[in-house]
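To start, the structure itself, in structure tokens.
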Amino acid sequence: MGTGRRPLPPAPEGLWERPDMAEAISGRDMAVVLAIYRKYTGATQTQIAGACEIPQSHVSEIQSGRRRVTSLELFERLANGLGIPRTPLGLAEKPDARRLDGQDAPARPLPTELVPEVVRIYPNRGTVPGEMWRALLNHAQDTVDILVIAGLFLPDGHADLVPLLRAKAANGVKIRYVLGDPTSDAVALRGAEEGIGDNLAARARMTLTYLSGLRDVPGIDLRLHSTTLYNSIYRFDNEMLVNTHVYGAPAAHSPVLHLRQTAGGSLFDHYAAGFERVWATTEGA
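Basically the numbering used here = 1-based index in the sequence shown + 76.
Printed below as a string of structure tokens:
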């Protein structure tokens, strides 16, 4: 990305307000954003890469769908480089943002209708990009809340989950990790409903074994619940993944809602309150 490259061509008026573009931005679908942007500006991938200070190969992979954008840093680079409106993308406005006439931009309420709470709905947990779990955890600065029955896929799929959580706690992140009590009637019933019997309790016990290194760590509270769990909840600051539970099907085969806390929304707070109600019933693991 050396100097001397042609600058980006100007974006036509109204580009960001086009219905297809606005939908892609609010859904954080950067593959579609780039495709529409290139169609109406004629920009090359090399020009975009230079403006956003990322490799051209990344631009190609994003547009083709081979690379999903999940990191805050990459969203920032794309927004800054292309001039994508930050608020509908879920990014905070820059404190030094100015109007074109050089005057301070007037203060205005957050247009919550442009910041949807539901970022995306995945048809099943397997379609959630694996890198998203790590990205959300890596960017958490205050709160990590996890509520599952077993959730074995997390420690099973991320060998460094325990050290990563310990490091987060050492940096001041409050972590609450709640598993289903393997001896409880609720876990036994759920196992029977899924058709796997005692195997669900066995998965919960295996997860507990994986997470044993979290016990007695300052900032981490590992507990058990014995409730009928209707959703698994994974909260990372103001981002949340809600894995719905469907009768007779494992959580891995059920839809996942990606929620983002917004000023005028209620879904995020609704599920967060559900976590708190379960938390109030828990016991130490």
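Beta carbons: idealized from backbone N, C-alpha and C, even for Gly.
What you are looking at is a predicted structure, and each value in this text was computed from that prediction instead of being measured.
Find the nearest neighbour of D292 within the set E149, R242 and A155, judged by alpha-carbon distance.
Position 216 of the sequence shown, counted from the start, is the residue given in the question as residue 292. Comparing Cα positions, the closest option is R242.
Could you give the residue range of the alpha helix (DSSP H) that holds I296?
The residue given as residue 296 occupies position 220 in the sequence shown. Not the alpha helix (DSSP H): I296 falls in the beta strand (DSSP E), residues I296 to H301.
Which residues in the same chain have their Cβ closer than 7 Å to the Cβ of R196, if we skip the five residues on either side of it in sequence?
Position 120 of the sequence shown, counted from the start, is the residue given in the question as residue 196. Same-chain partners within the cutoff: G103 and H334.
Give the DSSP bridge partners of S308, in chain order.
Within the sequence shown, residue 308 is the residue found at index 232, counting from 1. Beta-bridge pairing links S308 to N319.
Put E359 into one of helix, strand or coil per three-state DSSP.
On the sequence shown, residue 359 is found 283 positions in, with the first residue counted as 1. Correct three-state label for E359: strand.
Tell me whether L290 is buried or exposed, calling it buried when 16 or more other Cβ atoms sit within 10 Å of its Cβ.
Working through the sequence shown from its first residue, we reach residue 290 at position 214. The residue is buried, with at least 16 neighbouring Cβ atoms inside 10 Å.
Compare the C-alpha of R94 against each of M106, P83, V224 and I112 and name the closest.
Taking the first residue of the sequence shown as position 1, residue 94 is located at position 18. Minimum Cα distance to R94 is reached at I112.
If you compare alpha carbons, which of S302, L223 and L255 is closest to L265?
For the purposes of this step, residue 265 is taken as residue 189 along the sequence shown, with counting starting at 1. Ranking S302, L223 and L255 by Cα distance to L265 puts S302 first.
Please work out which residues of its chain come closer than 7 Å, Cβ to Cβ, to D96, disregarding the five sequence neighbours upstream and downstream, and give them in chain order.
Walking along the sequence shown from the start, residue 96 turns up at place 20. So the qualifying residues of the chain are I112.
Could you compute how far the alpha carbon of A226 sits from the alpha carbon of D345?
Indexing the sequence shown from 1 puts residue 226 at position 150. Indexing the sequence shown from 1 puts residue 345 at position 269. Each residue's Cα considered, the two are about 24 Å apart.
Mind checking which residues open and close the alpha helix (DSSP H) that includes H215?
Along the sequence shown, one-based indexing puts residue 215 at 139. Its alpha helix (DSSP H) spans residues G206 to H215.
Which same chain residues end up closer than 6 Å to A216 when comparing Cβ atoms and leaving out the 5 residues on each side of it in sequence?
Looking up residue 216 in the sequence shown gives position 140. Same-chain partners within the cutoff: V249, F312 and D313.
On a Cα-Cα basis, can you pick out the residue from V204, N247 and E152 that is closest to L230?
As a first step, residue 230 is located in the sequence shown; it is residue number 154 there, counting from the start. Of the candidates V204, N247 and E152, the one whose C-alpha sits nearest the C-alpha of L230 is V204.
For G267, name the three-state secondary structure that DSSP assigns.
Within the sequence shown, residue 267 is the residue found at index 191, counting from 1. In the structure shown, G267 sits in a helix (DSSP, three-state: H, G or I).
May I ask which residues mark the beginning and end of the beta strand (DSSP E) holding D221?
Taking the first residue of the sequence shown as position 1, residue 221 is located at position 145. Here the beta strand (DSSP E) through D221 covers T219 to L223.
Roughly how many angstroms lie between the CA atoms of R174 and A155, to the nearest whole one?
The residue you call residue 174 lines up with position 98 of the sequence shown. The residue you call residue 155 lines up with position 79 of the sequence shown. Because the pLDDT at R174 is just 42, under 50, the model does not fix this residue reliably, and the point stays unresolved.
Can you tell me which of A339, D236, T146 and G159 puts its alpha carbon nearest to the alpha carbon of L287?
Counted from its first residue, the sequence shown places residue 287 at position 211. Looking at the Cα atoms, D236 is the closest of the given residues.
What do you get for A356, buried or exposed, if any count of 16 or more other CB atoms within 10 angstroms of its CB means buried?
Here residue 356 refers to the residue found at position 280 when the sequence shown is read from its first residue. Its Cβ having fewer than 16 others within 10 Å, A356 is exposed.
If we ignore side chains and look at the alpha-carbon of each, how far apart do Q123 and T259 end up?
Residue numbering aside, residue 123 sits at position 47 when the sequence shown is read from its first letter. Residue numbering aside, residue 259 sits at position 183 when the sequence shown is read from its first letter. Looking at the two C-alpha atoms, the distance is approximately 59 Å.
Provide the residue span of the alpha helix (DSSP H) that contains I130, from first to last.
For this step, residue 130 is matched to residue 54 along the sequence shown. Counting along the chain, I130 falls outside any alpha helix (DSSP H), and DSSP gives it neither H nor E.
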